[in-house]
Each structure stands twice: as structure tokens, then as C-alpha cells.
Amino acid sequence: MASKAFTNPFIRHVATRGYAQAAPAVKKEVRVQSAVLPNKTFVAALDNDSPVTRVTIAFKAGSRYEPQTDLGVAHVLRSAAGLTTKNVSSFIIARQLAQIGASVTASGDREFVYYTLEATQDNFQTAVELLNKMISNQEFRPWELSDNAPRLKYDLAALPPQVRAVDLLHKAAYRRGLGNSLYISPKRIGKVSSETMQHYASSTLTPGRCAITIVGDTQERAGLVANALQLNSSGDAGDAPSNYFGGDIRKEMGGDLAHVALAVQGAPAGSPQALALAVAAKALGNGPVTKWGADNSPLARAIGNIGPFAAAGFNVSYSDTGLFGVVLSVPKDEAGTAVSAVAKLLRSGNLSAEAINAGKNHLKLQVLSEGEDGTSLAESLAAQGLYKGVAKSPADIAREIDQINSSTVCQVLANASKSRMSMGAAGNLAFVPYADEL
Amino acid sequence: MALRTTAVLCNNMKKWAYNLAGFNKYGLMRDDCLYENDDVKEALRRLPDHVVDERNFRMVRAIQLSLQKTILPKEEWTKFEEDKLYLTPIVEQVKKERKEREEWEKNY
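Line by line, the protein sequences are chains A and B. Residues in the first sequence are numbered from 1 upward in steps of one, following UniProt numbering. Residues in the second sequence are numbered from 1 upward in steps of one, following UniProt numbering.
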């Protein structure tokens, strides 16, 4: 009967509170081990004794490496994961993974394509062999590619307008390279041939452009996975740097809301400026922290009382450059005032010390809680490895965030705000100003 | 020597049987005469469009000739040497995939 008392949530709450007073940032340190293999593949492992093992095999094959004549191949590449390859049929891939309860996802950003496998320890060997067969020697059979077209259409139809706005923002900011859309244009669905795909895959899925990370197993295992991969090591796509231009691109879609992404040039990944801008982005505000609560962030105060709206600061960093700005969704009639206010805030380039402190805490929470989720941890380690050749654990990053002082953030922010403004807008744009009017 | 003679003989036999079958007189190819079961239908789906168009043309022409109770002039008959198996390898592949599927269904 005594144990029954603990089922009462209030009592349990008090008990746990008592035990965990002033929890330290990290209780037990887990180190990331990393190495670069002779074939230039980056491998890293974080052995946290998790019963579930995650492996990410990432390649520099994101949309920025697409040739201008074949835009959208990166989207087709990630949606073609699991089709028949030279080694195994799509039927066996799907059924065998289902049989052992493993899951494989292919996701991608502008720089990379990530193949991530999740499996329990006891089935890990079988699952990783299948993952290997899935990625090596992809064939892109023409009829399977055309059967895959509805999936691409679904991807496009399910895009939230905010994502479209950010996509357009990249197009406006970089034009080519990083400006390539993450998604295939609807007119090109079904027009990407098997030969195009094979050429793209053979030039981007190479050992030199690959990173393999394991969360929940050792670095030796990661090395074994890397050696088992049968990749084409000959061709290699060129890495053209992307220049920042600025400007605006708008997509009139109707509706009641305007979705606007505003940004200035940020900093490349791994640089101290990028971390400072990440703090600044969180400091700008991320919406209310309690449900239906008041939003007292600098962003919300700048926009003022215009009725319901959503606004959040964001910072993205790529290998050679980055973007720092704000995404907001506002009712169409208030769009003019809100966008101008946000642009003014971005231009002013200063934030109060309290806001920056709050931003640091927000960012630390985000980094550490994403570190708890093995899948996103494995993907982020792989991305770090491909960007810089080193992978830091979330705890290390949290420590670095602690060390940033608010004057550095202000200085980096002031520098960034001098660059030309870029804007991507989607939705009802009747009252949305153009970037050069801001 | 004996082996080569056998090979030549075998080839001649094949050619004789091919001409005896007579579908070449309508301008058809061997793979045009496959019975269209599910495997063949799937294989046809995987062919490039222009190959399917050529196949359909040959079949329409053969039906036309059959209705008119004629055959093509001799120089237009399909020759044994020119009759490439354009569909059979794909049908074999489809069958293999089906076997793999059935095998899996049996075991799990």
C-alpha cells in the first residue's frame, strides 16, 4: 500500500525534485572517438551503452552539389533509398528490416544526404549488412524511379509554407549552389533519368565524401561498416563555393497568412561566429515557452500587439557560409508592419545582455536534448565530421556555449547585420514589402 | 572438330525449326509470341517506350496480314540471325523476383 502512494503524481514530483537538486549539465561524460580512414572516410563513435544502436552513413550529396541542368536529383536520391540495388531487391530490404524491427531513414539537407539506421543491439549485424547493400551499387532502375513519382509528389504536397519560405530565402540569398531547392520542381518529376541518377550517385557517393557515425557502439564497428561499403571511388563532384547575393523571391499562394523568412549573411559551420549567431537566434525569440503564454522575447516586443502571429529566430551554417534571420507567419493584413519591424530589429544588430543569456540557456537545452535523441545525434556528428573533420559531443558544445560572452555575440551580430537583406515569402503577400523597401 | 560440327548442326536445326514455325513470315519476333501472363506484363512495363512501340507495330501488322490471309514478301521476313530476345531476359528477372517473394512468404 505504501508503494501506491507514489502513483500520485504530486508526491512523485516532490520526490524526484528532492533527488535532483541543481542537476549538473552532464553527469557522466561520454567521449566521441573519431578517425579518418586511409580512404578518407570519416568515422566517429559515441558509445553510450544504449540498447538501441544508430548508424548514420552521410555523404556530401545534398542539393548544393546538383548540376544546374539536373536540379532536384538530390531529392530523387533520398527518396530512392530502398529501391533495388545490384545486391538486394527492394522487397527483401523492406521485409527483412521489418522482420528484425529495424528502421532506416534517408534524410537530407543542402549539404548532405544521411542514411540512418536504428536497430536493437542483437539485430544490429543483420541490419547494418542490409544498410550496406542498400547504399552500395545503387541501380536506379527506370521503372522503379517512375513508380516512385507519387512519393515525390506527396513530399511536395506535404510541404508547410514556412519551409517554402526558407527554401525561397536560400534561392534569393545564394542563387546557385546553396540556393538550389531541397525539393524537385513539380515539372521535373518523372523526368530525371536513371543515367542522370547513376552519374550523380557515382560522383557524390564516394568514400572521400562519406562520414560514418555510430551511437551506441564502438569506433572499430564504424570502421568495419566503412570497409564493407562498396562505393565508387573514381569520380568526384567539384565543390564550388556559394557566394552570398541577397534579394527576394516571393511565391504568391493565397490564403489568410503570409509566411516570410528574412535573413542576413551568417557564418560558416564550426566557426566561433556561427555559435555566437546561434545564441543570437535563440535570443531573438522562439515563440512562447508555455502554452498560450505571453511571449516576451525581443522579436515579439518589436512586432508588438498585432494579434496572433508566430516568429522565431534561426541560424543555419554551411561549410563556407551561413544565414541568420527570422521566420515569421502573420495574418496578411498585419504583414507589412510585422515584416518592417522584424527587418528593423535585424538591421539594428543589438540585443540586451539578458536576452543573450536567455538565448544561451535555450540553445544549451536544445543541443543537450537533441543529444539525447540518438538519431539526430548520429546525424549531427556525421555533419560535423564532414564540415570540419572533428566531431564534438553535445556536452562539449554546451560548454562552448557557456564560454561565449554577450559582447562577442553583440559584435558578431553587428557585423552580420551590415550585409544585404534576403527575403523569401510564401502565402498571401498582398501587404508584404519587398526586401529593398525594408 | 566433332564439337564444332555438332554446334553447326544444332544451329541449322534451330534455324529449320524457326522457319517451320512460320511466325517470322508475319514479321514477328520470338518474344512477340510470348503468352502475356502477369510476369510478361510486368516485363513489358519495364521496357523502354520505343521498344514497346516497335513490338506493337509488329503485332498490329501481323493481325492485319492474318486478316488479309497473306504474308509479307520474303525479303521482309524476320531472319533467325536478326531475332534478338528483347523481352526474355527481363521476364526471367521478373520471375526471379516473384520466386524470391514467394520464398519469403513461405518462410515468414
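C-beta: ideal position from N, C-alpha, C; glycine also.
Of the listed residues the options, nearest to residue i (C-alpha basis)
i      : options                           : result
A:R64  : A:P241, A:N350 and A:N227         : A:P241
B:V94  : A:A81, A:A74, A:V128 and A:W143   : A:W143
A:R175 : A:E66, A:S107 and A:S340          : A:E66
A:V55  : A:Q162, A:F42 and A:A222          : A:A222
A:A302 : A:V264, A:V342 and A:G336         : A:V342
A:P150 : A:R399, A:G371 and A:G190         : A:G190
B:E102 : A:K282, A:A358, A:N243 and A:I92  : A:I92
A:V327 : A:A310, A:T321 and A:S317         : A:A310
A:A378 : A:E354, A:D70, A:V113 and A:H75   : A:V113
A:G108 : A:Q121, A:A102, A:D122 and A:V73  : A:V73
A:E354 : A:Q366, A:K344, A:A398 and A:L284 : A:L284
A:D396 : A:K40, A:M421, A:L46 and A:T41    : A:L46
A:T116 : A:V215, A:Q68, A:K40 and A:R188   : A:V215
A:P331 : A:G313, A:E129 and A:N428         : A:N428
A:D239 : A:T204, A:E252, A:E220 and A:A269 : A:T204
A:L345 : A:F324, A:L365, A:L363 and A:K187 : A:F324
B:R46  : A:S146, A:G254 and A:P272         : A:S146
A:I356 : A:P268, A:S406 and A:P161         : A:S406
B:E75  : B:R55, B:N24, B:L67 and B:R58     : B:N24
A:T375 : A:L365, A:T105 and A:L71          : A:T105
A:S233 : A:Y183, A:S202, A:P186 and A:M253 : A:S202
A:Q403 : A:A426, A:D217, A:L363 and A:G424 : A:L363
Beta-carbon proximity list for residue i, same chain, < 7 Å, skipping 5 on both sides
i                      : result
A:T84                  : S90, E139, R141 and E144
residue 468 of chain A : Beyond the ends of chain A as shown, which are 1 and 438, falls residue 468 of chain A; an answer cannot be given.
residue 113 of chain B : Beyond the ends of chain B as shown, which are 1 and 108, falls residue 113 of chain B; an answer cannot be given.
B:R98                  : D39
B:K96                  : none
B:L85                  : R30 and D31
A:G247                 : A172, S422 and A435
Alpha carbon of residue i to alpha carbon of residue j, nearest angstrom
i                      : j      : result
A:A430                 : A:E334 : 10 Å
A:V339                 : A:H259 : 10 Å
A:L37                  : A:G177 : 28 Å
B:D39                  : A:R95  : 21 Å
A:L413                 : A:G349 : 5 Å
A:T408                 : A:A276 : 7 Å
residue 149 of chain B : B:M29  : Because chain B here runs from 1 to 108, residue 149 of chain B falls outside it and cannot be looked at.
A:K60                  : A:L77  : 12 Å
A:E29                  : A:D373 : 16 Å
A:V163                 : A:I100 : 34 Å
residue 114 of chain B : A:A80  : Only positions 1 to 108 of chain B appear in the structure, and residue 114 of chain B is not among them; the question remains open.
A:H199                 : A:S319 : 24 Å
A:P207                 : A:D155 : 29 Å
A:A98                  : A:I212 : 23 Å
A:L224                 : A:N132 : 11 Å
B:E100                 : A:H75  : 30 Å
A:L135                 : A:A226 : Reading off the sequence, residue 135 of chain A comes out as Ile, not Leu. Each residue's Cα considered, the two are about 11 Å apart.
A:S393                 : A:K40  : 22 Å
A:G129                 : A:A102 : The amino acid at residue 129 of chain A is misidentified as Gly; the sequence shows Glu. Cα to Cα, the separation comes out at about 12 Å.
A:A23                  : A:S369 : Note that A:A23 scores a pLDDT of 46, beneath 50, so its modelled location is shaky; the value from the coordinates is reported in the next line. Near 14 Å, if we compare the C-alpha coordinates of A:S369 and A:A23.
A:G322                 : A:S50  : 34 Å
A:A281                 : A:V316 : 10 Å
B:N12                  : A:C210 : 56 Å
B:L65                  : B:E36  : 21 Å
Nonlocal neighbours in the same chain, by C-beta distance under 8 Å from residue i, ignoring five residues either side
i      : result
A:N137 : T85, K86, N87 and Q230
B:K14  : F80
B:V51  : Y86
B:E34  : For the sequence presented, residue 34 of chain B should be read as Leu rather than Glu. Answer for B:L34: V40, L87, T88 and V91, listed in chain order.
B:D83  : Y18, N24, M29 and R30
Neighbourhood of residue i by C-beta distance below 6 Å, restricted to the same chain and skipping five residues each side
i      : result
A:A391 : V32, S34, A44, L381, Q384 and G385
A:K171 : G179 and I249
A:K360 : V279 and I401
A:Q265 : Y244 and S419
A:P288 : D295
A:F124 : T53
A:S297 : G285
A:A300 : G285
A:A426 : P161, R164, A165, K251, M253 and H259
Discussion item. So if I threshold CB-CB distances at 8 Å, which residues from the UniProt domain "Peptidase M16 N-terminal" (47-183) of chain A count as touching chain B?
Written reply: Correct list: S89, F91, I92, R95, Q99, R141, P142 and W143.
Fill in: Stretch pair the segment 381-391 of chain A + the segment 294-310 of chain A: three plus CB contacts closer than 8 Å
By the Cβ test, the segment 381-391 of chain A is not in contact with the segment 294-310 of chain A, since fewer than three Cβ pairs between them sit closer than 8 Å.
Practice prompt. Pair every Cβ in the segment 31-44 of chain A with every Cβ in the segment 287-295 of chain A, then say whether three or more of these pairs are closer than 8 Å.
Written response: No: fewer than three Cβ pairs fall under 8 Å.
Worksheet item: Are three or more beta carbon pairs between the segment 162-172 of chain A and the segment 190-209 of chain A nearer than 8 Å?
Response: Contact fails: fewer than three Cβ-Cβ distances are below 8 Å.
Worksheet entry | Residues of the segment 74-104 of chain B whose Cβ lies closer than 7 Å to any Cβ of chain A, in chain order | Only E97, E100, R101 and W104 from the segment 74-104 of chain B bring a Cβ to less than 7 Å from some Cβ of chain A.
Worksheet item: Mind listing which residues of the segment 34-49 of chain B have their C-beta closer than 7 Å to chain A's C-betas, in chain order?
Response: Result list: R45 and R46.
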